[in-house]
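Engineer: These protein sequences, in sequence, are chains L and X. Following this note's numbering, the numbering of the first sequence begins with 7 at its first residue and continues without gaps. Following this note's numbering, the numbering of the second sequence begins with 383 at its first residue and continues without gaps. Below is a structure I'd like to ask you about.
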Amino acid sequence: MSTAATPSREEKVLGIIETARAKRGKFRDEHITMSHGAGGKATQSLIEGLFVPAFASEALGAMGDAGAVNVGGARLAMTTDSYVVKPIVFPGGSIGELAVNGTVNDLSVAGARPIALSLSLVLEEGLSAGELRREVDAIAAAARAADVEIVTGDTKVVERGHCDSMYVCTTGVGQVDPRAQLSPAALQPGDRVIVSGTVGDHGTAIMLARGEFELDSQIESDTCSLWPAVDALLEETGPSLRCMRDATRGGAGSVLNELARASTVAMLVHEAAVPVAPAVAGAAEILGIDPMYVANEGKLVAFVAPAAVDAAIGALRSVPGCEAAVEIGEVRTEPPGMVLMETAFGGKRVMDQLVGDPLPRIC
Amino acid sequence: MRYVDEFRDPQLGRVLAGEIVTLVEPGRHYKLMEVCGGHTHSIYKYGIDDLLPENVELVHGPGCPVCVIPMGRVDDGIAMAHQPNVIFTCFGDMMRIPGSEQSLLDAKAEGADIRMVYSPLDALRIAKQNPDRDVVFFAIGFETTAPSTALTLKRARADGVTNFFCMCNHVTIVPPLRALLDSPDLRLDGFIGPGHVSTVVGARPFEFIPADYEKPIVVAGFEPLDVLQAVHMILGQLAEGRCEVENQYTRVVSYEGNLRALELLAEVFELRPHFEWRGMGFISQSGLRISEAYADFDAERRYEVPGVRVADPKACQCGEVLKGVIKPFECKVFGTACTPERPIGTCMVSSEGACAAYYNYGRFAREREVV
């Protein structure tokens, strides 16, 4: 509503907000709370306000899903991730499978072909050997499927109660594909936004698997390796592929916000175009959460030049697991740093960065 | 989704929006308050603002149950949570609400055993699973959620549970509305009535709004077509010079309300002489506490808590924002000292609050032309 009594003050205040938004996050909290791990603003303040300044690494400062290093003539990408999912086995996957695919995907969306992984296990005293064996088998199977080798590892056991069954940490190395010329800075107004399939499957499957809601469903995690999808995209679109992200914690909504900020462009998403599985849409409706902010473990968001959009979607759809790939929006100029959504009902709204956890609403 | 998508039909929305345009007088500015935070949420989620004529403004009212909890009550809750042997349970959106020193999320990070639940029955289940611990449930909400707390206490008694306690922060809808309407500087033309609350209390309690204050109110549902239709009905009343209680949400709300739920509330709760609202001060007979009959379950009787009234920060002008006297950006601390990450006042606390909404979406509203 723009019937401002004092437009000058409004302009001033909006300017202040804009400056505050554009600023790098500051880490000023006294404790780590669960929000710092949720992938939203608090996580960002931790990364931008503590880690990046402390380590002063150019590759880290680029804040991609993987950092790149030159070794001799080769350009390598490296990434690491810890997996603490609860429960450790859920419909569609388990912690071991996730630990392989998650790290493989961080390399893949950085345009790097995954080569090798390390595997660190933190095991809780009392964990049954059967459970451990099953996860080791899951890790081996996922690594085979993703065509990566587990080349080194480590094991620690902690007292009962000091970890929840098991935590898994994997570090991955990949070789940057010469076809890839990816960078958030490459985004241009007019570029199209594509998702590789339905959003929100993994996070919803986990939430329901916890049994806190007493909802039964057939929703399965989408955990899988994204390298085949990336490989197909690179092959068909080459330099028209501007940038990719895997839409994990914080979901597709967080990825779009992160990139809009990083490249000072705006994005417009058409809600009606966003693919959501009916069961996920139903669960999200009941729990009052937005599937755009729910985690995926086998979906990427790709930004492509407008001329390449059909080729990109065609390439993705030829890959198993990406049959539902579709264009959901486009890159715009104004307002920079923001993501707008044209709702299925026909209105427009801001799709903001997440503050804290995506918690179900109570009324 | 069947039975839901019907209420989200964009074509019907466009038709309604077109009819709304014909109801507004050019040059007149309309301020309508949606009382319930659930409506605010729908308005943002579906971009309903964007479909209304520029001179129809929606003002967000005091109906977000999380935002209205005063700092002193949060402090009391945190004090209970810090007691040894207590498992403190609350709804997720309560966790971030700032008390005078810290939030429940901070208290949890410091080691208090605070658990998020989705219903009071979850809290009762935790009590049954932990018979050696005291389980406290921080109950919030209007008449909408109070019956579920009441039922939970009845269940606890029937099951012989003795380690379950409730810190009751339930509030009632009519007194704050009356307080709002009594303020001399109020500028509102009509109300979108709270649909969820009305499923319990009915449409009847809102008769005082047209009778005593000559403002129309339309009780509405929460789907986008519900909200648009309610706006249409209010503007229709204003255009015809009528002023009455109308019920848009007839598929759920009856005039008399849910009598069984009301009886239950009367059995388990009693009115407090007064209760403090963040941003609005003390309002008489606006809060519920646990009745004598259920005193065994009253956390406030079991635990000594500071019980200190913490004044709203001086610079905060949430009261004026709530009444529609000033816009969020006219508040002295808006966007500088008071932000969604570090909120000072109630309106910035929940994403449904007027200030948080303006912080996140205001710039977009200004730049609509260039989008």
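Here a beta-carbon is modelled for each residue, glycine too, at the ideal position from N, C-alpha and C.
Just to confirm, are L/Asp143 and L/Asn111 a CB contact at a threshold of 9 Å?
Structural biologist: As a first step, residue 143 of chain L is located in the first sequence; it is residue number 137 there, counting from the start. As a first step, residue 111 of chain L is located in the first sequence; it is residue number 105 there, counting from the start. No, these two residues do not count as a Cβ contact at 9 Å.
Engineer: With a threshold of 7 Å on Cβ separation, who are the neighbours of X/Ala494 within its own chain once the five nearest residues in sequence on each side are excluded?
Structural biologist: Within the second sequence, residue 494 of chain X is the residue found at index 112, counting from 1. Correct list, in chain order: Ala463, His464 and Phe470.
Engineer: Buried or exposed: which applies to X/Leu641, given that a residue is buried once 16 or more other Cβ atoms fall within 10 Å of its Cβ?
Structural biologist: The residue labelled residue 641 of chain X in the question sits at position 259 within the second sequence. Exposed is the call here.
Engineer: If we cut at 9 Å on Cβ distances, does L/Leu247 have a partner in chain X?
Structural biologist: As a first step, residue 247 of chain L must be located in the first sequence, where it is residue number 241. So no, L/Leu247 is outside the interface.
Engineer: Do X/Val448 and X/Asp475 count as a contact pair if the criterion is CB distance below 9 Å?
Structural biologist: Locating residue 475 of chain X in the second sequence gives position 93, where the first residue counts as 1. Locating residue 448 of chain X in the second sequence gives position 66, where the first residue counts as 1. Contact: yes.
Engineer: Of all the CB atoms in chain X, is at least one closer than 9 Å to the CB of L/Arg323?
Structural biologist: As a first step, residue 323 of chain L is located in the first sequence; it is residue number 317 there, counting from the start. It does not: the Cβ of L/Arg323 has no partner Cβ on chain X nearer than 9 Å.
Engineer: Which one of L/Glu333, L/Ala330, L/Ala313 and L/Ala285 has the shortest CA to CA distance from X/Met383?
Structural biologist: For the purposes of this step, residue 383 of chain X is identified with residue 1 of the second sequence, where counting begins at 1. Answer by Cα proximity: L/Ala285.
Engineer: How many Å lie between L/Val27 and L/Ala268 at the Cα?
Structural biologist: Position 21 of the first sequence holds residue 27 of chain L. Position 262 of the first sequence holds residue 268 of chain L. The residue asked about is misnamed: residue 27 of chain L is Arg in this sequence, not Val. Answer to the nearest angstrom: the Cα atoms are 12 Å apart.
Engineer: State yes or no: is the beta carbon of L/Ala314 nearer than 9 Å to at least one beta carbon in chain X?
Structural biologist: Position 308 of the first sequence holds residue 314 of chain L. Answer no: the Cβ-Cβ gap between L/Ala314 and chain X never drops below 9 Å.
Engineer: For X/Ala461, which residues from the same chain have a beta carbon less than 7 Å from its beta carbon, with the 5 sequence-adjacent residues on both sides left out?
Structural biologist: Looking up residue 461 of chain X in the second sequence gives position 79. Excluding residues within five positions, the ones whose Cβ falls inside 7 Å are Val687 and Pro688.
Engineer: Hey, X/Val583 and X/Gly523 are a contact pair by Cβ (cut 8 Å); roughly how many whole angstroms apart?
Structural biologist: Position 201 of the second sequence, counted from the start, is the residue given in the question as residue 583 of chain X. Position 141 of the second sequence, counted from the start, is the residue given in the question as residue 523 of chain X. 13 Å between Cβ atoms; not a contact.
Engineer: Helix, strand or coil for L/Ala350, going by three-state DSSP, please let me know.
Structural biologist: In the first sequence, the residue the question calls residue 350 of chain L occupies position 344. DSSP places L/Ala350 in coil when its eight states are reduced to three.
Engineer: Could you tell me whether the Cβ atoms of X/Leu434 and X/Leu570 are closer together than 9 Å?
Structural biologist: For the purposes of this step, residue 434 of chain X is taken as residue 52 along the second sequence, with counting starting at 1. For the purposes of this step, residue 570 of chain X is taken as residue 188 along the second sequence, with counting starting at 1. No, Cβ-Cβ distance for X/Leu434 and X/Leu570 is not below 9 Å.
Engineer: On a CA-only basis, which of L/Gly352, L/Asp358, L/Gln359 and L/Asn263 is nearest X/Gly395? Give me that one, please.
Structural biologist: Taking the second sequence and counting its residues from 1, one reaches residue 395 of chain X at position 13. It is L/Gly352.
Engineer: Among all the DSSP beta bridges, which residues are the ones paired with X/Cys550?
Structural biologist: Stepping through the second sequence from its first residue, residue 550 of chain X is reached at position 168. Looking at the DSSP assignment, X/Cys550 forms a beta bridge with X/Ala521.
Engineer: Could you confirm whether any beta carbon from chain L is found closer than 9 Å to the beta carbon of X/Asn551?
Structural biologist: The sequence position of residue 551 of chain X within the second sequence is 169, counting from 1. For X/Asn551, the answer is no, since every Cβ of chain L falls outside 9 Å of its Cβ.
Engineer: Hey, is L/Leu15's beta-carbon within less than 9 Å of any beta-carbon in chain X?
Structural biologist: Taking the first residue of the first sequence as 1, we reach residue 15 of chain L at position 9. Leu is not the amino acid found at residue 15 of chain L; the sequence shown has Arg there. Yes, its Cβ sits closer than 9 Å to a Cβ of chain X.
Engineer: Exposed or buried, which one is X/Val397 when buried takes at least 16 other CB atoms within 10 Å?
Structural biologist: Stepping through the second sequence from its first residue, residue 397 of chain X is reached at position 15. By the neighbour-count rule (16 or more Cβ atoms within 10 Å), X/Val397 is not buried but exposed.
Engineer: Examine the Cβ distances between the region 721-734 of chain X and the region 485-500 of chain X and report whether three or more of them are shorter than 8 Å.
Structural biologist: Segments in contact, no.
Engineer: Mind reading off the beta-carbon distance from X/Ala520 to X/Asn551? Whole number of angstroms is fine, and I expect it under 8 Å.
Structural biologist: Here residue 520 of chain X refers to the residue found at position 138 of the second sequence. Here residue 551 of chain X refers to the residue found at position 169 of the second sequence. For the sequence presented, residue 520 of chain X should be read as Phe rather than Ala. About 7 Å separates the two Cβ atoms, so the contact holds.
Engineer: Output yes or no for whether 9 Å exceeds the beta carbon distance between L/Leu127 and L/Asp160.
Structural biologist: The residue you call residue 127 of chain L lines up with position 121 of the first sequence. The residue you call residue 160 of chain L lines up with position 154 of the first sequence. Against a cut-off of 9 Å, the Cβ pair of L/Asp160 and L/Leu127 comes out as a contact.
Engineer: From which residue to which residue does the alpha helix (DSSP H) around X/His578 run?
Structural biologist: Here residue 578 of chain X is taken as the residue at index 196 of the second sequence, counted from 1. From DSSP, the alpha helix (DSSP H) with X/His578 extends over Gly577 to Val583.
Engineer: What are the residues of the region 192-206 of chain L that lie near chain X, defined by any Cβ-Cβ distance shorter than 7 Å?
Structural biologist: Within the region 192-206 of chain L, no residue has a Cβ that lies closer than 7 Å to any Cβ of chain X.
Engineer: X/Glu416 versus chain L: which residues are under 7 Å apart at the beta carbon?
Structural biologist: Counting from 1 along the second sequence, the entry for residue 416 of chain X is found at position 34. By Cβ distance, chain L contributes nothing, its closest Cβ being about 13 Å from X/Glu416, past 7 Å.
Engineer: Applying the 10 Å Cβ sphere with the 16-neighbour rule, what's the burial state of X/Tyr631?
Structural biologist: Position 249 of the second sequence, counted from the first residue, corresponds to residue 631 of chain X. So X/Tyr631 ends up on the buried side.
Engineer: Classify X/Arg660 as buried or exposed, calling it buried when 16 or more other Cβ atoms lie within 10 Å of its own Cβ.
Structural biologist: Working through the second sequence from its first residue, we reach residue 660 of chain X at position 278. X/Arg660 comes out buried.
Engineer: What residue range is occupied by the uninterrupted beta strand (DSSP E) comprising L/Gln181?
Structural biologist: Within the first sequence, residue 181 of chain L is the residue found at index 175, counting from 1. Where L/Gln181 is concerned, the enclosing beta strand (DSSP E) stretches over Met172 to Val182.
Engineer: Does any CB atom of chain L fall closer than 9 Å to the CB of X/Ala505?
Structural biologist: One-based indexing of the second sequence puts residue 505 of chain X at position 123. Not one chain L Cβ lies under 9 Å of X/Ala505.
Engineer: If you follow the alpha helix (DSSP H) that X/Met462 is part of, which residue opens it and which one closes it?
Structural biologist: Your numbering for residue 462 of chain X matches position 80 in the second sequence. Looking at the DSSP string, the run of the alpha helix (DSSP H) that includes X/Met462 is Met453 to Ala463.
Engineer: With a threshold of 9 Å between beta carbons, is L/Arg367 in contact with chain X?
Structural biologist: The residue given as residue 367 of chain L occupies position 361 in the first sequence. With a pLDDT of 32 at L/Arg367, under the threshold of 50, the modelled position of this residue cannot be trusted; read the value that follows with caution. At least one chain X Cβ lies under 9 Å of L/Arg367.
Engineer: Is the CB of L/Pro284 under 9 Å away from at least one CB in chain X?
Structural biologist: Position 278 of the first sequence, counted from the start, is the residue given in the question as residue 284 of chain L. Closer than 9 Å to some Cβ of chain X, the Cβ of L/Pro284 qualifies, so yes.
Engineer: Throw me the rounded Cβ distance for the X/Ile574 and X/Val417 pair, which I believe falls under 8 Å.
Structural biologist: Along the second sequence, one-based indexing puts residue 574 of chain X at 192. Along the second sequence, one-based indexing puts residue 417 of chain X at 35. Confirmed, Cβ separation roughly 7 Å.
Engineer: For X/Val386, return the contacting residues in chain L, with the cut-off set at a CB-CB distance below 8 Å.
Structural biologist: Position 4 of the second sequence, counted from the first residue, corresponds to residue 386 of chain X. Chain L residues near X/Val386: Glu291.
Engineer: Do L/Gly257 and L/Asp301 count as a contact pair if the criterion is CB distance below 9 Å?
Structural biologist: Counting from one through the first sequence, the residue named residue 301 of chain L turns up at place 295. Counting from one through the first sequence, the residue named residue 257 of chain L turns up at place 251. The sequence given here has Ala at residue 301 of chain L, not Asp. The answer is yes: Cβ separation under 9 Å.
Engineer: Which whole-angstrom value is the C-beta distance of X/Gly717 and X/Met662, which I expect to be below 8 Å?
Structural biologist: On the second sequence, residue 717 of chain X is found 335 positions in, with the first residue counted as 1. On the second sequence, residue 662 of chain X is found 280 positions in, with the first residue counted as 1. Going by Cβ atoms, the distance from X/Gly717 to X/Met662 rounds to 22 Å, so no, they are not a contact pair.
Engineer: Quick one: grab the DSSP three-state call for X/Lys413.
Structural biologist: The residue you call residue 413 of chain X lines up with position 31 of the second sequence. Note: X/Lys413 maps to strand in three-state DSSP.
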